[in-house]
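Below: one structure, written as structure tokens.
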């Protein structure tokens, strides 16, 4: 039977690496915007500098500060026409005279190809000279250069060195990136408390990505950096989190996490808005409030956050914080699916397969399942396998293709897929008939607690089909399956028990207890 399985991406545990400052090189070494972020921290407001000729004379006479100002005015087009070629000239004069801010600005012109062809090598030369002179923005950009290999070989240790120098001078984005390197252990030893410390320093300066990362660590400690998502916790008790120290040395504190998520969320950070909504849904660090969860999900969704759009779909489908509506759920799942969310694609596929909130359309369900399955979604692979195996209007039955997708889900540990694959081996549908293979898959599923597989495994031992005939083993699996209330398992357990001697029955009962203990199931 195809099961409608829903998953909630309610806490994104991503650790973001962001440039943040306009002066920064981005991930690929190219500018985010047309504004490279020229710096001017000289005396007076440059936009009020009307004595242009006087400044020009001073610059020609050797005044590096005046030359830097002229470069800035031409680069920004303040009081004069914007002219990057002239900016290059004036910044060059000031840079040659050791003016570190001019050296930094000159590097920007070479990096972005403003007034001169792009030249990463020259940019690095001037970044280095400015960085050696103590300019924090140059130190940060030089760290970016080494982090992303812009004109040089990637060197995480060098990136960490320059980020540290800039971070010590209070550069918030350098503090963020240094925290990231400590979090993942690139160029420095992995050290979660140190990462937390740098995130906190940047967060206190208002850096939204740092606020998000700090909140993530305070919420969950040190999650696996390969994991992007945490499962929904519908069993939450609705209480606020109690601080507890993890093995990583980070004290989990849901109240503090909620506070930092809120600060980032209020600044418009969509991932923080998503996570704050998740906390309201779970009641972690805040009072449980589905309507507040919806509010924050909607704010993130308005910024095209696919996970938030997916979560809104979940709320509509479950009727949490809103009136239940499969039609509204389908609308939000579709938006999230169009944004690439594989869980939304799966859930929308389920709605199409069963005609809930949308017209029943097996072909649309198949296509959505396939998209989600291609992204690795285990349940989508399971549903796609079942749909292809049995067929439906618009979807021709294809036992082999169905078996292939069930195999893919089974290989990922999906208990029902393992059982169904066992059935196909037992029947020779889509797979060569092989009772031993059938039993092997039943066992994998049975060990995960799936009662139908436990029943099938008991039958295999009772009949000797695909397994050694063993009535004690048959009793064990019938008894384990019977604990779920499966009526056939109950009948078979009682029947098998009567066929055993008292000693054999005791052996079977002991095997049941052993399995329950091994699998953490209370008797």
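In our numbering, the protein residues as written are 6 to 528. Where a beta carbon is used, it is the ideal one built from N, C-alpha and C, also for glycine.
Cutoff 6 angstroms; reference residue i; Cβ partners in own chain excluding five residues on either side
i, result
"residue 95", "72, 75, 76"
"residue 330", "321"
"residue 229", "Below a pLDDT of 50, predicted positions are generally treated as unreliable, and residue 229, at 48, falls in that range; no measurement from the model is reported."
"residue 181", "207, 212, 214, 215"
"residue 399", "367, 368"
"residue 80", "43, 92"
"residue 361", "331"
"residue 349", "315, 338, 341, 342"
"residue 176", "141, 145"
CA nearest to the CA of residue i, picked from the options
i, options, result
"residue 455", "421, 297, 217, 109", "421"
"residue 223", "264, 194, 348", "264"
"residue 346", "310, 362, 326, 358", "310"
"residue 70", "83, 84, 107, 87", "107"
"residue 68", "87, 102, 84, 85", "102"
"residue 524", "449, 494, 312", "449"
"residue 451", "463, 471, 501", "463"
"residue 351", "386, 203, 324, 365", "386"
Same chain only: Cβ atoms within 7 angstroms of residue i, ignoring 5 sequence neighbours per side
i, result
"residue 125", "116, 155, 156"
"residue 340", "314"
"residue 120", "89, 90, 92, 93, 114"
"residue 326", "295, 296, 298, 299, 320"
"residue 478", "466"
"residue 353", "335, 338, 339, 342, 373"
"residue 133", "147"
"residue 405", "435"
"residue 129", "150, 156, 157"
Burial state of residue i, where buried means 16 or more other Cβ atoms lie within 10 Å
i, result
"residue 511", "exposed"
"residue 62", "exposed"
"residue 231", "Only weak support exists for where residue 231 lies, its pLDDT of 36 falling under 50; the coordinates are left without a value."
"residue 4", "Nothing in the structure corresponds to residue 4, since the chain is present only between 6 and 528."
"residue 57", "exposed"
"residue 515", "exposed"
"residue 419", "buried"
"residue 275", "buried"
"residue 244", "Low confidence applies here, because residue 244 scores a pLDDT of 35, under 50, leaving its location unreliable; read the following figure in that light. Exposed is the call here."
"residue 522", "exposed"
"residue 317", "buried"
"residue 492", "exposed"
"residue 258", "buried"
Coarse secondary structure for residue i, derived from DSSP in three states
i, result
"residue 257", "strand"
"residue 400", "strand"
"residue 43", "coil"
"residue 116", "helix"
"residue 86", "coil"
"residue 180", "helix"
"residue 105", "helix"
"residue 383", "helix"
"residue 159", "coil"
"residue 144", "helix"
"residue 125", "helix"
"residue 502", "helix"
"residue 278", "helix"
"residue 434", "coil"
"residue 316", "helix"
"residue 455", "coil"
Close Cβ partners of residue i (< 8 angstroms) along its chain, the five nearest in sequence each way excluded
i, result
"residue 395", "402, 407"
"residue 474", "466, 467, 468"
The ligand FMN heavy atom lying under 7 angstroms from the CB of residue i
i, result
"residue 418", "Only the bare structure without any ligand can be found here, which leaves the ligand FMN out of the picture."
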